[in-house]
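Asks: Below you'll find the structure I mean.
Residue numbers (this note's numbering): 2 to 234.
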């Protein structure tokens with residue numbers, strides 16, 4: 002592990018007051034209620050919030066999480082400006098916050114509504130995580146190589162959250178309005194071929210990446226996290 006890595010020994014029982022309003026306000030869509038099969042009959046997201054459940058889930062345990070935060074381009078060709086590490090082109094999140102939340106019923110419902118298990122559009126307020134839930138979120142800032150670590154975790158499922166930008170190279174092709182004519186000679190004859198003149202502009206920019214990956218923590222073990230792959234454009 003990188004010597005400069007910022008470690009966060011997370012004693013969840015202390016319930017440090019960490020709040021991330023930007024992540025909680027992410028727009029999304031309604032998910033079907035798995036118990037009834039009906040979106041209309043589903044319990045509202047706020048109805049799942051249970052502070053006692055979060056307190057139990059964030060009490061001190063013996064599990065650990067080690068990982069590298071970043072992203073690779075699922076397309077695998079062009080665009081992403083990153084480093085090639087073990088055959089993968091990765092854009093690493095340097096000096097960025099990583100958040101960790103236990104998968105309680107409330108967090109699971111919020112996660113589902115924000116990750117495509119949906120059939121009916123919902124107001125933004127419908128898919129926000131309860132603001133008090135962020136009081137129980139662990140957080141750690143990555144080092145220069147994207148490394149992060151959490152210790153003192155109870156066994157169970159957690160969601161790893163991060164929001165950062167990565168450098169990206171794009172290109173734009175367009176017709177200049179001009180045409181090029183070329184005379185093609187043949188045996189005893191010839192003809193012209195006229196083609197439009199196109200131009201390609203290349204530019205450097207950045208794109209926002211939001212990570213929300215589920216990990217399983219086991220007592221007395223170290224769980225590892227690797228940069229996920231995304232279809233980046």
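Just so it is clear, CB atoms sit at the ideal spot from N, CA and C, and this is done for glycine as well. Given the structure is predicted, the values throughout are model-derived calculations rather than measurements.
Flag this pair as yes or no: are the beta carbons of residue 143 and residue 96 separated by less than 8 Å?
Replies: It is a contact, given that the beta carbons lie within the stated cut-off.
Asks: If you draw a straight line from the C-alpha of residue 94 to the C-alpha of residue 137, how long is it?
Replies: C-alpha separation (whole angstroms): 23 Å.
Asks: What whole-angstrom Cβ distance do residue 106 and residue 54 have, given they're in contact under 8 Å?
Replies: The Cβ separation is near 7 Å, so the contact holds.
Asks: Check residue 1 in the structure and name its three-state DSSP category.
Replies: Past the boundaries of the shown model lies residue 1; the chain is included only from 2 to 234, so the question cannot be answered.
Asks: Curious, which full-length beta strand (DSSP E) runs of at least 3 residues does the segment 153–203 contain?
Replies: Qualifying beta strand (DSSP E) stretches, in chain order: 157–187.
Asks: Expressed to the nearest angstrom, what Euclidean distance is found between the alpha-carbon atoms of residue 216 and residue 203?
Replies: Taking the straight line from one Cα to the other gives about 38 Å.
Asks: So residue 177 and residue 208 are in contact, right, with Cβ under 8 Å, and what is the actual spacing, rounded?
Replies: The pair is not a contact, with the Cβ atoms about 28 Å apart (cut-off 8 Å).
Asks: Could you give the residue range of the beta strand (DSSP E) that holds residue 89?
Replies: Looking at the DSSP string, the run of the beta strand (DSSP E) that includes residue 89 is 89–93.
Asks: Nearest to residue 148 by CA position, among 70, 47, 162, is which residue?
Replies: It is 70 whose Cα lies nearest to the Cα of residue 148.
Asks: Please report how far the alpha carbon of residue 68 lies from the alpha carbon of residue 233, in whole angstroms.
Replies: Answer to the nearest angstrom: the Cα atoms are 21 Å apart.
Asks: I'd like to know whether the C-beta atoms of residue 135 and residue 46 end up nearer to each other than 8 Å.
Replies: Against a cut-off of 8 Å, the Cβ pair of residue 46 and residue 135 comes out as no contact.
Asks: Check each candidate in 108, 44, 168 and name the one with the smallest Cα separation from residue 74.
Replies: Closest option to residue 74, Cα to Cα, is 168.
Asks: How big is the Cα-Cα spacing for residue 81 and residue 205?
Replies: Using only the alpha carbons, I get a separation of about 10 Å.
Asks: Residues in the same chain with beta-carbon distance under 8 Å from residue 133, minus the five sequence neighbours each way, listed in chain order, please.
Replies: Cβ within range, chain order: 50, 52.
Asks: For residue 157, which of 211, 109, 48 has the nearest alpha-carbon?
Replies: When each option's Cα is compared against that of residue 157, the closest is 109.
Asks: Is it buried or exposed for residue 180, if we count other Cβ within 10 angstroms and need 16 for buried?
Replies: Flag for residue 180 reads exposed.
Asks: Alpha carbon to alpha carbon, how far is residue 152 from residue 145? Give it in angstroms, no decimals.
Replies: One C-alpha to the other measures close to 20 Å.
Asks: Residue 84: buried (16+ other C-beta within 10 angstroms of its C-beta) or exposed?
Replies: It counts as exposed.
Asks: Just the Cα atoms here: how many angstroms apart are residue 98 and residue 197?
Replies: One C-alpha to the other measures close to 49 Å.
Asks: Using the Cα positions of residue 190 and residue 182, report the straight-line distance between them to the nearest angstrom.
Replies: One C-alpha to the other measures close to 17 Å.
Asks: What is the DSSP secondary structure of residue 51, reduced to helix, strand or coil?
Replies: Here residue 51 sits in coil by DSSP.
Asks: Mapping the DSSP letters down to three states, classify residue 110 as helix, strand or coil.
Replies: Reduced to three states, the DSSP call for residue 110 is helix.
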